[in-house]
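Okay, structure first, notes after.
Residue numbers (the working numbering), protein chains in the order written: chain V, 48 to 455; chain A, 144 to 679.
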């Protein structure tokens, strides 16, 4: 089977590239194992959080950083397209292009964010709290969201909270099984006809407050229920992130996938690439786990398989590998140097990834593979956790790689 | 101020056992621990219910003590013990002739030891190295040191003893040369308090060296570090040892959902006993030797690496620390150093804690003129009693967590209150710890932080190493103690402590899991901004 571009990995980077290329007329295949970093999405995209001005922060990164390879002007251009691009898919983000704002974390902390889902709470960059008094709600028995942390964080910033628990008989079914009270299962329950009843329960506590905050447990399969709920609640309703799985993250992954398929893309879910055939410095075809000897050919390939936790990189006691093609990897040889003893220090292993040239083409045996690009967290040279650049690197590198392919 | 008969310093298994014995003999008892129960060597060992076979050839006395206590623990601490039996295997590189000496020595010490056919050994324990040329079956087993310690302290409290954790002894109070109490510092409030007693028993393990110094006595402790690895699942069901002279990394012990290989043995400077690191060389050695016992270990995920310090009393100049007897040392400092009112109980090992406690308590009773017999070998620990109670607070109807909790708390699991379905919800899915069990551990077993909860319930000890459960537990603690900020700081400290055990073995799945955990806790939750400068 022959495609224009085959994308390995169905997370944010892979889907972004797939949609962008399909929109511009390419015939694409995405091979996805299923889960991705979107499953613990915080509700916000980060571009670079090292400074209030994300672009100022980006301009100070080192030369091996993917952003530096992509180039400042390109990043400005791509980033301007992100918000409208998501809007087209049906996902509304808010935020200022040149200024990070704050989001509220599940522990009641504040983290910089670039764009935040419009149904989520967000705090302006100067830190002014938009409310004096809020109702902070949780679902009774839901352990992955703790109002006491959030209330403490809000109190430190002068916001009074009224904490209430919501219990609805429809959730009793979930309580029958001790592992069922999780975000996605609640969201499956809080849908369709039940939204009205949920809004009525919320409104009991919404009278004397400026806003209502609750965990993001609505809208697993689409935004409609979220919008309906917001309309029915008498005060502004904002979601806060829960512990994983992330309900909006799963929704976004699904909406991106649907968009990709609508544009004519082929999405192979639950499959993984096992090998590739190289010829004259090019990747010619790949084989997948589910399709045995069938060869999938393409003019270009994008590796968007993620970092260690997505298995885009693997490691053994002896070293780090890119498991599909055995591509060159930037890492450290001595195992003891991979780590710092304090978990919260920058861990050197976080910077490990596939080596690329200036055009983000993957290196194999110290030579770039002419038609194999890397995008997202499989790239070496950045610690997205510390920089607050995970989503940004995924989206920007995907758009850059897509542009490079189209320019050929 | 309450005047105690006995103050025991050290919340490891020895101190816990001594507190129980003292309290059962009617002494007014206070147990003081500077961190949490089991925070020292007790929480950092193999969890091996020694049959004594390992010592039979080199140290008959220890072997005899072991097998006696082994049989006693099976009776009084049923819920802390797994009767797995053990194999001592001979590999082609070992001398098969040693087996005969080994069996003879075991039998002499009263340890059942029976040579079995290698094929039979493989049938009994399929994970064992198939190239074995000989095997001996002995009554080894597994013991949970956390559970055992908590049960002892719990029983001491039921007999009227008081417990102070997170209180460090800063000086031993003396009057006219006689020890009359201790001064402690509260680790949380940083305030000092004095407690008076007629006897002070030093049960500080390796840290007892320092406690003795405070009293003006010298006990030469010999810190020998032993490193171990925990694997992500239970590869073996029987303990596997090598049938040869004791060496490094030659014991594989199953325990709950995991198994443990250990240990190494190396000299450690005394100033490093609070900050032990497992080196890459130790990890490699443990893996290499472990795979000889059960080859599957080479491909099994490693959850963590850790090290404990053997509290040996220096007897000779052996640099390895292995030929030193594991024998019990009970020092009467009145006769030894002219310091009345002060006793040190040390040496020994987890297996002989009860006997150590008995010796120390006998001595204390003698000094106090109390004529009461030790009953700790006959009366079962809470959780291991016959289950004939009629005062059950709840019907045992609750879900998944119930069975797991019963395994952990024995008959006391009946005290785990389940008011409604919410209480059955699982906090820790790997180990089946429910909301109700967490609340029980907070209210009844003095759990003040997540680390305490881990030691009381196994929360966060499973394959994910606290990925989501730690945060859930922190939330329940915040609710219980009413301080959200403190519980988040506690969460940060707990996750960092988990990482310290993970990074020495962080490759493969363990590295992937660690990275995921960092993304959740730091990326999504922003836990890094809550790290407190000063940690336990």
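No residue lacks a Cβ here, since even glycine has one placed at the ideal position from N, Cα and C.
All values derive from a computational prediction rather than experimental measurement.
The Cβ atoms of residue 485 of chain A and residue 346 of chain A do not sit closer than 8 Å to each other. Residue 237 of chain A does not reach chain V, its nearest Cβ partner there being about 26 Å away, counting only Cβ pairs nearer than 7 Å. The beta carbon of residue 615 of chain A lies closer than 6 Å to those of 570 in the same chain, with the five residues before and after it left out.
Taking C-alpha positions only, residue 296 of chain A is separated from residue 398 of chain V by approximately 47 Å. For residue 209 of chain V, the secondary structure class from DSSP, reduced to helix, strand or coil, is strand. In this structure, the straight-line span from the alpha carbon of residue 205 of chain A to that of residue 179 of chain A is close to 29 Å. When secondary structure is reduced to three states using DSSP, residue 480 of chain A falls in the helix class. Proximity of chain V to residue 423 of chain A at the Cβ level (cut-off 7 Å) is accounted for by 382, 383, in chain order.
Distance from the Cα of residue 324 of chain A is smallest, within the candidate group A/155, A/422, A/344, A/280, for A/344. Within its own chain, the residues whose Cβ lies closer than 8 Å to the Cβ of residue 196 of chain V, once the five positions on either side in sequence are excluded, are 153, 154, 155, listed in chain order. With contacts defined by Cβ atoms closer than 8 Å, residue 106 of chain V and residue 434 of chain V do not form a contacting pair. Residue pairing from DSSP places residue 324 of chain A in a beta bridge opposite A/316, A/339. The alpha carbon of residue 494 of chain A has as its nearest neighbour, out of A/211, A/148, A/264, A/391, the alpha carbon of A/211. When the Cα atoms are used, residue 285 of chain A and residue 226 of chain A turn out to be separated by approximately 7 Å.
Per DSSP, the beta bridge partners of residue 487 of chain A are A/345, A/474. With fewer than 16 neighbouring CB atoms inside 10 Å of its own CB, residue 331 of chain A falls in the exposed class.
Separation of residue 424 of chain A and residue 597 of chain A (C-alpha to C-alpha, rounded to the nearest whole angstrom) is 28 Å.
Setting aside the 5 residues that flank it on each side, residue 223 of chain A is surrounded in the same chain by 286, 287, 290, 291, each with a C-beta closer than 6 Å to its C-beta; the list follows chain order. For residue 451 of chain A, same chain residues with a beta-carbon under 6 Å away, outside a window of 5 residues either side, are 184, 187, 188, 369 in chain order. Residues of the same chain with a CB within less than 7 Å of the CB of residue 291 of chain V, apart from the 5 flanking positions on each side, are 86, 87 in chain order. By the criterion of a C-beta distance shorter than 6 Å, residue 180 of chain V is surrounded in its chain by 207, 256, 257, once the five residues flanking it on both sides are discounted. Chain A places no beta carbon closer than 8 Å to that of residue 148 of chain V, leaving this residue out of the contacts. Between residue 177 of chain A and residue 311 of chain A, the gap from beta carbon to beta carbon is short of 8 Å. Here residue 444 of chain A really is in contact with residue 653 of chain A; their C-beta atoms are around 6 Å apart, less than 8 Å. When secondary structure is reduced to three states using DSSP, residue 614 of chain A falls in the helix class. Rounded to whole angstroms, the gap between the alpha carbons of residue 388 of chain V and residue 271 of chain V is 46 Å. Secondary structure note for residue 370 of chain A: it is in no alpha helix (DSSP H), and the uninterrupted beta strand (DSSP E) holding it is 364-374. Judged by DSSP in its simplified three-state form, residue 565 of chain A adopts helix. As a beta-bridge residue in DSSP terms, residue 332 of chain V pairs with V/324, V/344. Taking residue 127 of chain V as reference, the option from V/102, V/301, V/48 with the minimal CA-CA separation is V/102. Under the DSSP definition of a beta bridge, residue 78 of chain V partners with V/55, V/315. When secondary structure is reduced to three states using DSSP, residue 271 of chain V falls in the helix class. Remark: C-beta atoms of residue 613 of chain A and residue 199 of chain V do not approach each other more closely than 8 Å. Taking 8 Å as the threshold, the shortest C-beta distance from residue 374 of chain A to chain V does not fall below it. In terms of beta-carbon proximity, residue 124 of chain V stays away from the interface with chain A, with every pair separated by 8 Å or more.
Between the alpha carbons of residue 581 of chain A and residue 405 of chain V lies a gap of roughly 53 Å.
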